[in-house]
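Residue numbers (this note's numbering), protein chains in the order written: chain A, 7 to 189; chain B, 25 to 434.
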Amino acid sequence: MSVHTDGEITLYGLMAEFETPGQLVAAARRTREAGFKNYDAYTPYPIHELDAAMDLHDNRVSLFTLIGGLLGCAGGFGLATWVSAVAWPLNVGGRPLISVPMFIPVTFECTILLGGLTAAIGMLLLNGLPMPYHPVFNVERFVNASRSKFFICIESTDPKFDRTLTANFLESLGAEEVAEVAE
Amino acid sequence: MTTTEHSYKTAPQLSETLKRYSSIATFIGLVFLALLVSGIFLEGGGLTGAGMGHFLRAYLVGFWLWFGAGAGCLVILMTQYLTGGAWGLVIRRPLEAGAKTLYVTCFLFLPLLVFREQIYWWTTPAGLADKVIHAKSLYLNVPFLWVRWAIYSIFLCFYTMKLTAWSKQEDETRSTAVSAKLEALSAPGVLIFFILMTFCSVDYLMTLEPYWYSTVYGFMIVIGWVLTALAVVIATLTMLEKYAPMDHALTRKHYHDLGKLLFAMVMMWTYLNFSQLIITWSGNLPSEIVWYIKRWNGGWEAIALLLLFGHFVLPFAMLISQPAKKSSKFIFFVACYIIAVHAVDVYQLVEPNFTNVKDPHFYFSWLDVVAPLGFGGLWLAIYFRNLPGMPLLPLGAPDLVKALNHGRDH
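Right under this line is the structure:
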């Protein structure tokens with residue numbers, strides 16, 4: 007959903023540019039406190055304080071990993087058991103057919119393998135990558151988001167979004183520049 | 025939000041509280057150590073009878089757990105000089121206080137050495153005349169056993185003395201030259217520590233089963249010490265956080281980091297124990313499996329399962345969540361639990377060695393509970409007494425301010 011304005015461009019949102027990570031974290035906190043929901047922050051490198059400032063609580067990737075890990079664990083142990091006790095029972099030096107200590111490495115590896123794969127796949131499913139087009143790149147200066155600058159973009163889908171008021175709000179946060187982002 | 029210079033002073037209430045903790049610990053320690061000694065006479069037989077044997081075994085369990093806590097503090101202390109990081113700076117003073125217990129615990133080896141024939145069979149005339157022991161006599165002989173004790177003690181005390189003295193000097197002079205000296209001393213220290221302490225574990229634990237050997241043993245034992253030391257330090261850190269300067273110096277992130285280290289050590293302990301098991305299991309050699317036969321028969325399997333679930337699965341589950349590691353109440357509980365369950369681990373390192381491999385029998389004496397409590401009281405008494413002797417934060421450390429702002433919003 008987008009807001010039509012002036013019949014010229016369809017607005018995706020408003021983007022503010024900041025000089026330092028400290029300003030960005032403070033701005034992100036005030037944006038959340040002002041009641042905005044649909045906004046995102048863009049930085050050249052991970053900033054851990056942002057999670058707290060934006061109050062992000064999405065742990066669904068961990069759930070994917072847990073489920074994958076448990077499946078890998080059961081699968082690895084099951085495979086080893088089935089192979090050595092059912093499909094081809096083999097007596098190795100008088101040890102039991104289900105030789106638990108020897109099955110642990112396989113079980114462990116399968117747990118890690120499936121946990122890792124589901125973490126990667128879950129991440130891709132949830133964040134929508136690969137994404138060939140994203141409106142934020144319509145702002146020319148946004149190339150700096152991968153180099154030296156810090157950005158916040160409040161999207162026009164936000165119920166509190168207002169072209170003028172939100173632009174003023176972003177400026178009041180100490181933004182260097184506020185730009186309109188075309189859809 | 026940053027902390028300011030004048031607020032680094034230790035609150036007077038904290039010094040009082042620590043003094044009170046020390047007195048309580050002394051009382052508990054003395055009561056239980058008295059009970060432990062009474063065990064010699066209650067079980068009868070005098071200084072050469074069964075009571076003395078049971079006493080020495082329990083003594084080894086309790087002593088080893090807490091000697092290990094002190095030695096663990098020393099090796100973590102050296103490691104944090106080498107790695108840097110905020111976690112190391114906030115626990116440096118507790119680690120120093122813990123390492124200083126070595127001045128006392130080094131001498132607590134003496135009863136084991138003096139009454140060695142009641143606990144280490146290989147030191148008896150019959151043992152020394154044994155064909156296998158005789159073949160190993162280059163290492164397994166009593167004079168060299170004494171010499172090794174002297175080497176271990178000198179090393180541990182020398183390093184503790186130097187590291188704590190220079191740390192004090194760093195505080196007073198604020199000179200980075202001293203910080204560099206501390207790092208230069210720690211680097212060879214960690215290396216020598218692991219080599220010497222491997223031999224120490226061989227001398228006092230592995231030779232209880234003098235035919236048996238395992239190359240991962242020393243490392244496994246030392247990781248157990250590091251685990252105990254971390255647990256003690258984390259548990260006491262939660263007691264300090266109510267008072268200045270720790271009330272504003274500590275952040276949730278510090279607990280998170282220390283919790284992660286504790287988690288890593290739980291896994292390391294499991295990994296090393298499992299490595300020893302899988303190598304023994306796949307080799308299946310008569311000389312190697314003795315150790316496991318004694319620990320998987322005659323009732324001992326209950327202890328083995330208890331350790332698998334209690335020393336690995338449960339702490340793993342408790343420490344895996346991030347909010348759990350950040351909550352001081354919860355991490356205090358987990359740390360205390362880990363010390364308790366590690367006492368069970370030390371008990372199963374010692375006691376099953378004395379059962380007959382052809383007919384293993386479970387053995388548990390009330391002395392095995394009394395001894396860890398007695399030595400624990402004594403250890404904590406010294407530790408709490410040492411803590412307020414210095415500012416609780418290393419004021420001369422080059423990156424203290426950065427470390428204290430670790431995990432704070434800008």
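Built from N, CA and C at the ideal position, the CB exists for glycine as well.
Within chain A, the residues that residue i reaches when beta carbons sit closer than 7 Å
| i | result |
| --- | --- |
| ASN321 (chain B) | Ordered by position in chain A, no residue passes the 7 Å Cβ test against ASN321 (chain B), which lies about 15 Å from the chain. |
Integer Cβ distance of residue i from residue j, believed to fall under 8 Å
| i | j | result |
| --- | --- | --- |
| ALA259 (chain B) | PHE356 (chain B) | 5 Å |
| SER306 (chain B) | MET137 (chain A) | So it is not a contact: roughly 49 Å between Cβ atoms. |
| ASN377 (chain B) | GLU233 (chain B) | 5 Å |
| PHE24 (chain A) | GLU182 (chain A) | 7 Å |
| ALA125 (chain A) | GLY74 (chain A) | 7 Å |
| LEU119 (chain B) | ILE100 (chain B) | 6 Å |
| GLY283 (chain B) | LEU343 (chain B) | 6 Å |
| VAL187 (chain A) | LEU20 (chain A) | 7 Å |
Contact check, residue i vs residue j, beta carbons under 8 Å
| i | j | result |
| --- | --- | --- |
| PRO396 (chain B) | VAL85 (chain B) | yes |
| VAL184 (chain A) | ALA22 (chain A) | yes |
| GLY75 (chain B) | LEU66 (chain B) | yes |
| LEU417 (chain B) | LEU424 (chain B) | yes |
| LEU285 (chain B) | TRP111 (chain B) | yes |
| ILE48 (chain B) | VAL257 (chain B) | no |
| CYS159 (chain A) | VAL142 (chain A) | yes |
| LEU251 (chain B) | VAL290 (chain B) | yes |
| VAL166 (chain B) | THR148 (chain B) | no |
| GLY63 (chain B) | ALA253 (chain B) | no |
| LEU98 (chain B) | LEU71 (chain B) | no |
| LEU220 (chain B) | ILE175 (chain B) | yes |
| LEU59 (chain B) | VAL394 (chain B) | yes |
| ARG432 (chain B) | THR262 (chain B) | no |
| PHE386 (chain B) | TRP315 (chain B) | no |
| SER311 (chain B) | TRP236 (chain B) | yes |
| LEU130 (chain A) | LEU77 (chain A) | no |
| VAL67 (chain A) | ILE53 (chain A) | no |
| ILE327 (chain B) | VAL368 (chain B) | yes |
| GLY180 (chain A) | GLN29 (chain A) | yes |
| VAL374 (chain B) | GLY334 (chain B) | no |
| LEU72 (chain A) | SER90 (chain A) | no |
| PRO339 (chain B) | ILE363 (chain B) | no |
| ILE178 (chain B) | ARG81 (chain B) | no |
Exposure of residue i, with buried meaning 16 or more beta-carbon neighbours within 10 Å
| i | result |
| --- | --- |
| SER46 (chain B) | buried |
| ILE247 (chain B) | buried |
| GLY401 (chain B) | buried |
| LEU106 (chain B) | exposed |
| GLN37 (chain B) | exposed |
| PHE51 (chain B) | exposed |
| TRP145 (chain B) | buried |
| ARG409 (chain B) | buried |
| PRO459 (chain B) | There is no way to answer for residue 459 (chain B), as the model of chain B reaches only from 25 to 434. |
| MET25 (chain B) | Because the pLDDT at MET25 (chain B) is just 42, under 50, the model does not fix this residue reliably, and the value given afterwards should be weighed accordingly. Flag for MET25 (chain B) reads exposed. |
| LEU69 (chain A) | exposed |
| ASN65 (chain A) | exposed |
| ASN297 (chain B) | buried |
| ASP383 (chain B) | exposed |
Test: residue i CB closer than 8 Å to a CB of chain B
| i | result |
| --- | --- |
| PRO107 (chain A) | yes |
| SER8 (chain A) | Confidence in SER8 (chain A) is poor, its pLDDT being 43 and thus under 50, which makes the residue's placement unreliable; the coordinate value appears in the next sentence. So no, SER8 (chain A) is outside the interface. |
| GLY134 (chain A) | no |
Under 8 Å by beta carbon: chain A residues contacting residue i
| i | result |
| --- | --- |
| ILE302 (chain B) | PRO107, MET108, ILE110 and PRO111 |
| TRP305 (chain B) | ARG101, SER105, PRO107 and MET108 |
Test: residue i CB closer than 8 Å to a CB of chain A
| i | result |
| --- | --- |
| ASN308 (chain B) | yes |
| PHE298 (chain B) | yes |
| MET25 (chain B) | Low local confidence applies: a pLDDT of 42 at MET25 (chain B) is under 50, so the model's placement there is unreliable, with the coordinate-based value given in what follows. Closer than 8 Å: no. |
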